[in-house]
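If you want the working numbering, it's the 1-based position in the sequence shown plus 14. C-beta: ideal position from N, C-alpha, C; glycine also.
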Amino acid sequence: MSPERLADFHLLSIITWLPVLGALILIFFFHRERKQAIRIFANVWAIVSFLPSLLLLTYDRRLGGIQFIEDVEWIPQIGARYQLGVDGISVVLVLLTTLIGVIAVACSWGFIQERVKEYYVVLLLLQTGIIGVFVSMDMFLFYVFWEVMLVPMYFLIGVWGSENRLYAAIKFFIYTLFGSVVMLLAILKLYFIFPDYLKQPEVQQAVLQAARFISGENEPMYRMIESAVQLGMRGKGTFNIMAMQALGTARLGGGPIIPLSLQMWLFAGF
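Take a look at the structure:
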C-alpha cells in the first residue's frame with residue numbers, strides 16, 4: 015500500500031496515540047495490585063504499538079521528502095494545525111522509538127517492583143511524546159509533544175531512579191524548563207514576525223529541524239541531561255536514555271533553507 019493510501023488511514027496518528035490508549039486502559043481497567051497482569055499487558059501493548067510502525071517501511075525512498083502527511087485545522091486563531099509527516103530521517107527514528115519501546119518494556123519486567131502500574135503508564139506516555147516530536151510538522155504541535163515527552167522523563171528519573179534521583183530530577187526539571195520557555199518564546203516570536211512565511215511547509219520543516227538541533231544536539235545541554243539521566247536511572251531507564259540519544263540523531267538536513275532557518279532562530283533568540 016502506498017504512503018498516500020496509508021495517510022488516508024491516519025497511520026501516523028495511530029502510531030502516535032496507541033501508547034496513550036494503552037496507558038488509559040492501564041489506568042481504568044487494571045488494579046495496581048495485579049502486577050503480573052499489568053506487566054503482561056504492557057508487553058503485549060508495546061508490541062501492538064510497534065506493529066503499525068512497520069508500515070512505514072513502505073516509505074518511497076525514490077520520491078523522498080515528507081510522506082504519510084496528515085493535516086487538520088487545530089487552533090485557527092493562531093494558525094496552529096495538527097500536521098504530521100515523516101521524511102527519510104524521522105521515519106527511521108519512529109521505527110527506532112517503537113522498537114526500543116518494546117525492548118524497554120520487556121527489560122523492565124524484573125527491575126520494577128514498586129508502583130508498577132504507574133511506571134508503565136508513564137513509559138507509554140513517554141513513547142507518545144517521543145514519536146510526536148519526530149512526526150510533528152507544526153511548530154506549536156512540536157512544542158506540545160516536546161513537553162509531553164519531558165514530563166514522563168522527569169517522573170522516571172525522580173520516582174524510579176537511584177539514590178540520587180531527587181537531585182537528578184530537579185536538575186533535569188530546571189534545565190529543561192528554561193529551555194522549553196526559551197523555545198516557546200522563540201516560536202511565538204517567529205509566528206508573529208513571519209506569520210505568512212511560516213505557513214509554507216518547507217519553512218516549517220526547516221525551523222522544526224533547527225529546533226530539534228537546538229534541543230537534542232546542543233552539546234552543553236546534552237551533557238547536562240545525560241548527567242541527570244545517569245544519576246537518576248538504573249537499567250530500567252533504557253527508554254529515557256533512548257529518548258535523548260534519538261533526539262541527538264535528529265540532525266539538520268541539507269538544502270538551501272537550512273542557513274535561513276538558523277538565522278531565524280538566532281534572530282528569535284535576541
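Cβ-Cβ separation, residue j to residue i (assumed contact under 8 angstroms), whole Å
i	j	result
V149	V86	Going by Cβ atoms, the distance from V149 to V86 rounds to 14 angstroms, so no, they are not a contact pair.
Y168	M197	About 17 angstroms; that fails the 8 angstroms criterion.
Y134	A56	4 angstroms
K185	V130	Not quite, the Cβ-Cβ distance comes to about 26 angstroms (not below 8 angstroms), so this is no contact.
L314	M163	The displayed coordinates of the chain run from 15 to 284. Any statement about residue 314 would go beyond what the structure contains.
L113	P66	Not confirmed; about 12 angstroms, so no contact.
W160	S122	Wrong, their Cβ atoms sit about 24 angstroms apart, outside the cutoff.
Residue i classed as buried or exposed, judged by whether at least 16 other C-beta atoms fall within 10 angstroms
i	result
S63	buried
I188	exposed
G175	buried
L199	exposed
R46	exposed
P90	exposed
R179	buried
G115	buried
D152	buried
I201	buried
P82	As written in the sequence, residue 82 is Phe, which differs from the Pro given in the question. F82 is buried by the Cβ-count criterion.
R53	buried
E84	buried
V119	buried
L155	buried
Run of the alpha helix (DSSP H) containing residue i, from where it starts to where it stops
i	result
N178	No alpha helix (DSSP H) contains N178, which DSSP labels as neither H nor E.
R53	K49 to F64
G36	L25 to F43
Touching or not, the region 34-50 and the region 92-110, by the rule of three or more beta carbon pairs under 8 angstroms? no
Are there three or more Cβ pairs, one per stretch, closer than 8 angstroms when the region 125-144 is compared with the region 87-105? no
In chain order, which alpha helix (DSSP H) runs of at least 4 residues are fully inside the region 86-135? 104-121
Below 8 angstroms, how does it come out for the region 21-31 and the region 131-149: are there three or more Cβ pairs, yes or no? In short, these stretches touch, since the Cβ pair count reaches three.
Is the region 16-25 in contact with the region 66-79, if contact means three or more CB pairs nearer than 8 angstroms? yes
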